[in-house]
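> Below you will find the structure I want to go over with you.
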Amino acid sequence: MVYPTEQIEELKRYCTKLSVIPEGDVTFLHTEGLRLPAGCEPAVCDALLCPVPKDGYPSRLFLSTKVVSPYTRNWNCDNRRIGERNWFAFSWKVDIKDPTLTQLLVAHLNGFAKEK
Amino acid sequence: MAEEQLEVVEIDVFEFAERGEEVPHAKVYKVRIDGETVRVDTPTPTGELLLSKVHKRPCAFELIEEFIHHENAVVEPSESVNLRKHGLKGFITAHKEIVNISINGKPYHIERGKRTVAEILLKIDQTPEGYILMEEQDGPPLPLPPNLPVEIRGCEVFHSQPQSGGSS
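As given, the protein sequences belong to chains A and B, one line each in that order.
In terms of my numbering, the first sequence opens at residue 4 and continues consecutively.
In terms of my numbering, the second sequence opens at residue 106 and continues consecutively.
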């Protein structure tokens, strides 16, 4: 899958390095050094943005660690092996019609800043 | 003799004010702002330019001109100040109580201090139930938790986008 260049450029602002990891029929966006919202521990981690349906969700954000945030999250994906690395994800459903990659990422990151 | 030849290279506005002398034309004017001496290469800088000399911006700070006989006057950011004005000894800055912030690229006034996400979103007729408030702070816009206060000092840059996620 090819993502629009301007969306890729915008997404780059959120991390120190952006690359893609193709696996099966999904192209994951690998955001290294992703900045997390205030109150998260760690404040920065690596992540994989999956902008297409996965595991019954319209999109998913996999993180390199179980982030501690102001709200307790339901981490329902443990040690998922993608790109020869283990990833974690919490149950968070994002429904936006035709989001840009940044809008999608922010909506997932808001899972750390929103109660429900 | 041409006037340019009489022009002094650099003068200190404060020294002339103290002596009660007229400030001559110069290439560079040394001006005191909050006790710091800065150099200005025009006799009529704007308030914004003078603030920038001490790394401050009009969205958070006011510039006040001080005269030798203790009179003070607020200088607007776009207002030109005559550095050769008689008795002008320098400037001080003051944190504004009502500061400017930017939300989705547009400027808004808000009271300085701890504000809620709801108060900030209200400026653009939005609520935390419907919209995520994000702040750009040395990086990209990141979501702000609606239950925590936001420290407003002036010049903050916010963005909003519709709420779209939830635990499932």
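Note that beta-carbon positions come from the ideal geometry of N, C-alpha and C, so glycine has one too.
1. Might you give, ordered along the chain, the residues of its own chain that have their beta carbon closer than 8 Å to the beta carbon of S265 of chain B, omitting 5 neighbours on each side?
2. Excluding five sequence neighbours on each side, which residues of the same chain lie with their C-beta closer than 7 Å to the C-beta of F263 of chain B?
3. Just tell me which of B:P254, B:P250, B:I173 has its CA closest to the CA of G125 of chain B.
4. I need the straight-line Cα distance from S94 of chain A to R88 of chain A, nearest angstrom please.
5. Using a Cβ cut-off of 8 Å (strictly closer), state whether P254 of chain B contacts chain A.
6. Within the same chain, show all residues whose beta-carbon is closer than 7 Å to that of E167 of chain B, passing over the 5 residues directly before and after it, in chain order.
7. Could you check whether the Cβ of I237 of chain B sits closer than 8 Å to any Cβ belonging to chain A?
8. Alpha carbon to alpha carbon, what distance is there between G86 of chain A and I257 of chain B?
9. Report the option in A:R83, A:F91, A:P61, A:Y6 whose CA atom is closest to the CA atom of V71 of chain A.
10. How many angstroms separate the CA atom of L21 of chain A from the CA atom of L37 of chain A?
11. I want to check one thing, is the minimum distance from the CB of Y236 of chain B to the heavy atoms of the ligand HEM below 7 Å?
12. Can you name, in chain order, every residue of its own chain whose Cβ lies under 7 Å from the Cβ of T151 of chain B, other than the five neighbours on each side?
13. Would you call the segment 48 to 67 of chain A in contact with the segment 99 to 107 of chain A, where contact means no fewer than 3 C-beta pairs closer than 8 Å?
14. Along chain B, in chain order, which residues have C-beta atoms closer than 9 Å to that of R38 of chain A?
15. Could you compute how far the alpha carbon of G140 of chain B sits from the alpha carbon of G42 of chain A?
Let me spell this out:
1. Residue numbering aside, residue 265 of chain B sits at position 160 when the second sequence is read from its first letter. The answer, listed in chain order, is I208, N209, L226, I229, Q231, Y236, I237, L238, M239.
2. The sequence position of residue 263 of chain B within the second sequence is 158, counting from 1. If we look at F263 of chain B and ignore the five residues flanking it on each side, its Cβ neighbours are I206, S207, I208, I225, L238, M239, E240.
3. Here residue 125 of chain B refers to the residue found at position 20 of the second sequence. If you compare the alpha carbons of B:P254, B:P250, B:I173 with that of G125 of chain B, the shortest gap goes to B:I173.
4. Position 91 of the first sequence, counting from 1, holds the residue named residue 94 of chain A. Position 85 of the first sequence, counting from 1, holds the residue named residue 88 of chain A. So the alpha carbons of these two residues sit roughly 20 Å apart.
5. On the second sequence, position 149 is the one that residue 254 of chain B refers to. For P254 of chain B, the answer is no, since every Cβ of chain A falls outside 8 Å of its Cβ.
6. By 1-based counting over the second sequence, the position of residue 167 of chain B is 62. Around E167 of chain B: V179, T198, A199, K201.
7. Counted from its first residue, the second sequence places residue 237 of chain B at position 132. Yes, its Cβ sits closer than 8 Å to a Cβ of chain A.
8. Locating residue 257 of chain B in the second sequence gives position 152, counting from the first residue. Locating residue 86 of chain A in the first sequence gives position 83, counting from the first residue. For I257 of chain B and G86 of chain A, the distance between alpha carbons rounds to 42 Å.
9. Numbered from 1 along the first sequence, position 68 holds the residue referred to as residue 71 of chain A. Taking only the C-alpha atoms, the option nearest V71 of chain A is A:F91.
10. Position 18 of the first sequence, counting from 1, holds the residue named residue 21 of chain A. Position 34 of the first sequence, counting from 1, holds the residue named residue 37 of chain A. If you draw a straight line from the Cα of L21 of chain A to the Cα of L37 of chain A, it is about 9 Å long.
11. Looking for the ligand HEM in the displayed structure turns up nothing, as the structure carries no ligands at all.
12. On the second sequence, position 46 is the one that residue 151 of chain B refers to. Here the set comprises P182, S183, E184, S185.
13. The segment 48 to 67 of chain A is in contact with the segment 99 to 107 of chain A.
14. Against the first sequence, residue 38 of chain A aligns to sequence position 35. Neighbours of R38 of chain A on chain B, chain order: G244, P245, L247.
15. Taking the second sequence and counting its residues from 1, one reaches residue 140 of chain B at position 35. Taking the first sequence and counting its residues from 1, one reaches residue 42 of chain A at position 39. So the two alpha carbons sit approximately 38 Å from each other.
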